[in-house]
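Residue 553 is where the sequence shown ends in the numbering used here, and the numbering goes up by one at each step. All C-beta atoms in this analysis are idealised placements derived from N, C-alpha and C, irrespective of residue type, glycine included. Keep in mind it's a predicted model, so treat the numbers as computed, not measured. Please read the structure below before turning to the comments.
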Amino acid sequence: MAISDWKKSVVYQIYPKSFNDTTGNGHGDINGIIEKLDYLKMLGIDYIWLTPIYLSPMNDNGYDISDYYEINPDFGTKEDFKRLLDEAHAHGIKVMSDIVINHTSTSHQWFVESRSSKDSPYRDYYIWKDGKEGTPPTNWESKFGGNAWQLDEETNQYYLRLFDVTQADLNWENASLRKEIYDMINYWIDFGMDGFRFDVINLISKGEFKDSDKIGKEFYTDGPKVHEYLHELNRNTFGDIEGFMTVGEMSSTTIDHCIKYTNPERQELSSVFNFHHLKVDYKNGEKWTKMPYNFIELKQILFKWQLGIHQGNGWNAIFWCNHDQPRVVSRFGDDSTEENRVKSAKMLAISLHFLQGTPYIYQGEEIGMTNLYFDDIKQYRDVESINAYKIMSENGFTNKEILDILQDKSRDNSRSPVQWDESENAGFTSGTPWIEVASNYPTINVKSALENKDSIFYTYQKLIELRHNLDIITYGSIKPLLETHEQLFAYERELDGKVLTMLANYSDQPVAIPEDIDTTGEVLINNSEVFTRELEPFQAVAILR
Ligand code: GLC
Numbered sequence: 009m010a011i012s013d014w015k016k017s018v019v020y021q022i023y024p025k026s027f028n029d030t031t032g033n034g035h036g037d038i039n040g041i042i043e044k045l046d047y048l049k050m051l052g053i054d055y056i057w058l059t060p061i062y063l064s065p066m067n068d069n070g071y072d073i074s075d076y077y078e079i080n081p082d083f084g085t086k087e088d089f090k091r092l093l094d095e096a097h098a099h100g101i102k103v104m105s106d107i108v109i110n111h112t113s114t115s116h117q118w119f120v121e122s123r124s125s126k127d128s129p130y131r132d133y134y135i136w137k138d139g140k141e142g143t144p145p146t147n148w149e150s151k152f153g154g155n156a157w158q159l160d161e162e163t164n165q166y167y168l169r170l171f172d173v174t175q176a177d178l179n180w181e182n183a184s185l186r187k188e189i190y191d192m193i194n195y196w197i198d199f200g201m202d203g204f205r206f207d208v209i210n211l212i213s214k215g216e217f218k219d220s221d222k223i224g225k226e227f228y229t230d231g232p233k234v235h236e237y238l239h240e241l242n243r244n245t246f247g248d249i250e251g252f253m254t255v256g257e258m259s260s261t262t263i264d265h266c267i268k269y270t271n272p273e274r275q276e277l278s279s280v281f282n283f284h285h286l287k288v289d290y291k292n293g294e295k296w297t298k299m300p301y302n303f304i305e306l307k308q309i310l311f312k313w314q315l316g317i318h319q320g321n322g323w324n325a326i327f328w329c330n331h332d333q334p335r336v337v338s339r340f341g342d343d344s345t346e347e348n349r350v351k352s353a354k355m356l357a358i359s360l361h362f363l364q365g366t367p368y369i370y371q372g373e374e375i376g377m378t379n380l381y382f383d384d385i386k387q388y389r390d391v392e393s394i395n396a397y398k399i400m401s402e403n404g405f406t407n408k409e410i411l412d413i414l415q416d417k418s419r420d421n422s423r424s425p426v427q428w429d430e431s432e433n434a435g436f437t438s439g440t441p442w443i444e445v446a447s448n449y450p451t452i453n454v455k456s457a458l459e460n461k462d463s464i465f466y467t468y469q470k471l472i473e474l475r476h477n478l479d480i481i482t483y484g485s486i487k488p489l490l491e492t493h494e495q496l497f498a499y500e501r502e503l504d505g506k507v508l509t510m511l512a513n514y515s516d517q518p519v520a521i522p523e524d525i526d527t528t529g530e531v532l533i534n535n536s537e538v539f540t541r542e543l544e545p546f547q548a549v550a551i552l553r
């Protein structure tokens with residue numbers, strides 16, 4: 009079904025490296041995506057978002073781009089990519105691609121030139137500063153660990169790298185750089201792209217370069233010129249294309265900024281990802297701690313964003329998972345028994361998909377894939393996890409402590425191959441996968457999900473269909489319910505006199521629905537056979553009256 013308004017759409021995120029390998033080299037590829045379009049069509053999604061497939065040394069799996077105009081041969085050719093666009097369109101599926109323009113790989117020609125001499129015309133495409141008496145220009149910390157400045161011996165200056173040492177931050181102050189970026193984006197629009205996801209886009213405007221009493225984020229997050237740049241980007245590229253969907257990844261942002269980013273009158277982006285709801289297990293804001301999550305805080309954050317963005321006429325992306333997050337069923341659900349895994353995965357889907365915003369489904373989420381539970385650092389591939397391992401070891405953590413934390417937190421949890429069937433390597437590759445397949449693939453795989461009409465897959469399929477058919481899910485206002493309840497997540501949506509109520513029990517015990525909650529109406533979806541005033545463990549229902 010072609011939907012009339014992009015706001016009613018659902019996006020499926022593909023991490024190509026781990027999706028489906030057709031060559032046997034252990035890496036997923038573009039042809040592998042084409043092979044699975046029928047499957048995605050069956051699920052019912054409207055867009056696929058591909059994480060970066062451009063030329064890259066792959067130190068950060070493609071978020072380190074060395075040529076924006078070329079496709080990484082590990083994934084295929086430009087012709088393959090064109091075919092993917094054509095075939096996706098023939099399936100009624102649109103394609104969004106990731107654009108990483110906060111930084112490039114240090115192998116990008118611009119950086120190679122920039123580094124070569126202080127007089128290079130490309131010097132100013134990046135952020136170079138002198139050190140302070142043999143120490144870096146500021147004390148800012150890289151998001152992947154260590155100081156955020158890297159000394160380059162050649163010219164004895166430091167370049168800024170908020171991520172890996174091989175990911176140098178671009179200098180958006182430079183107008184020629186901005187123009188080159190707009191040209192590149194227009195190239196991909198002309199190529200046939202239907203939308204973009206902009207990587208860490210709220211970090212592009214760096215403010216003052218001063219020491220911080222924290223880690224430096226306050227100087228470059230939602231920086232002084234970010235709205236000006238995004239408006240300029242919009243006007244010079246996709247802004248006037250009807251229905252063109254953009255989503256900005258916003259690191260540590262605020263509701264006020266996100267309203268500005270997405271209120272259509274401002275002509276910046278169509279929607280935003282924020283991550284506050286996924287930081288509910290960080291102790292005192294520290295990233296690498298193993299902690300149970302805080303359910304009440306999770307609800308508070310989701311509600312605050314739902315209300316704030318709705319009132320400001322902005323637009324949210326809603327999601328539990330992506331390639332940087334652990335698997336949601338292992339995190340907020342329960343993967344300790346098969347029954348609880350299935351039930352809680354459906355509950356998480358139901359409780360998210362009736363919120364306002366564009367839902368994103370991350371590959372494998374629709375079959376309830378779990379965390380990896382690796383028990384050896386050698387099994388990990390992610391640059392962030394490996395850096396964290398080093399830093400934690402230097403700080404006196406034991407091997408066991410670090411591995412326990414990585415089992416919860418590592419980005420590799422979501423990067424293992426999609427489990428297609430019960431054959432060797434879960435049907436992902438005939439070769440050796442670049443990262444191990446989760447050991448539970450004989451039970452958790454697409455083939456068995458499709459064969460079982462009660463599987464998690466069909467819950468997602470139904471949720472997408474409901475969103476397409478019921479305007480209230482897209483446009484209705486939201487009213488939080490039971491905000492301080494310790495087990496239930498509940499809210500109402502309202503549109504034109506109709507009320508949709510969503511109720512979910514996040515605990516593994518039965519819970520009575522408080523008396524003041526109206527549960528009359530038509531049950532739209534229910535992850536149990538029964539529906540009484542007492543919800544079963546992990547039961548979730550949505551009712552329309
Ligand atoms: C974003 C990406 C992440 C990447 C980082 C640097 O957060 O989602 O995977 O490592 O940006 O580009």
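query	result
Alpha-carbon spacing of Gly70 relative to Asp264, whole angstroms	31 Å
Beta carbon shell of ligand 1 at less than 5 Å from a heavy atom	Asp68, Tyr71, Phe171, Asp207, Val208 and Asp332
DSSP state of Arg339 mapped onto helix, strand, coil	helix
Cβ neighbour criterion (16 or more within 10 Å) applied to Pro60	buried
Boundaries (first-last residue) of the alpha helix (DSSP H) holding Met50	Leu45 to Leu51
Coarse secondary structure for Asn421, derived from DSSP in three states	helix
Stretch pair the stretch 365-372 + the stretch 324-343: three plus CB contacts closer than 8 Å	yes
Span of the alpha helix (DSSP H), counted from its first residue to its last, around Arg186	Ala183 to Phe199
7 Å Cβ shell around His35 - same chain, five flanking residues per side excluded	Lys25, Asp29, Asp82 and Trp442
Residue environment, Tyr77, which counts as buried when at least 16 other CB atoms sit within 10 Å	exposed
Contact under 8 Å by Cβ, Ser260 with Thr270	no
Lys386 to Trp196 span [Cα, whole Å]	38 Å
Residues sharing a beta bridge with His111, DSSP	Asp177
The beta strand (DSSP E) enclosing Val538, as first and last residue numbers	Counting along the chain, Val538 falls outside any beta strand (DSSP E), and DSSP gives it neither H nor E.
Inter-stretch contact at 8 Å, needing at least 3 Cβ pairs: the stretch 110-125 / the stretch 160-174	yes
Closest Cα partner of Thr528 within the set Gln517, Asn324 and Thr540	Thr540
Selected residue, minimal CA-CA separation from Ile38, among Phe303, Glu542, Ser105 and Arg389	Ser105
Selection from Leu503, Pro272, Ser536 and Arg349 that minimises the alpha carbon distance to Ile452	Arg349
Of the listed residues Asp138, Glu43 and Gln275, nearest to Glu95 (C-alpha basis)	Glu43
Inside the stretch 245-277 only - beta strand (DSSP E) runs reaching at least 3 residues	253-257
Euclidean distance between Cα positions of Asp383 and Ser447	12 Å
Selected residue, minimal CA-CA separation from Asp479, among Gln364, Lys295 and Ile375	Gln364
Endpoints, the alpha helix (DSSP H) within which Trp157 is located	Counting along the chain, Trp157 falls outside any alpha helix (DSSP H), though it belongs to the beta strand (DSSP E) covering Trp157 to Asp160.
Cβ pair Ala520, Ile358 closer than 8 Å	no
For His361, the nearest candidate out of Gly32, Gly40, Lys49 and Ile53 (CA to CA)	Ile53
For Glu500, the nearest candidate out of Gln314, Tyr20 and Phe436 (CA to CA)	Gln314
Asp202 vs Phe252 beta-carbon contact at 8 Å	yes
Environment of Met258 [buried if 16+ CB atoms lie within 10 Å]	buried
Whole-angstrom distance between Phe281 and Pro545, CA atom to CA atom	30 Å
Between the CA atoms of Val108 and Lys151 - distance to the nearest angstrom	16 Å
Rounded C-alpha distance that separates Ile4 from Arg475	Residue coverage of the chain in this structure runs from 9 to 553, which leaves residue 4 outside it and unanswerable.
Cβ neighbour criterion (16 or more within 10 Å) applied to Lys102	buried
For Ser105, the residue or residues it bridges with in DSSP	Leu58 and Phe204
Bridge partners - Glu502, DSSP secondary structure assignment	Ser485 and Val507
Backbone CA spacing between Gly247 and Asn433 [nearest angstrom]	43 Å
Simplified DSSP state of Val288, which is helix, strand or coil	coil
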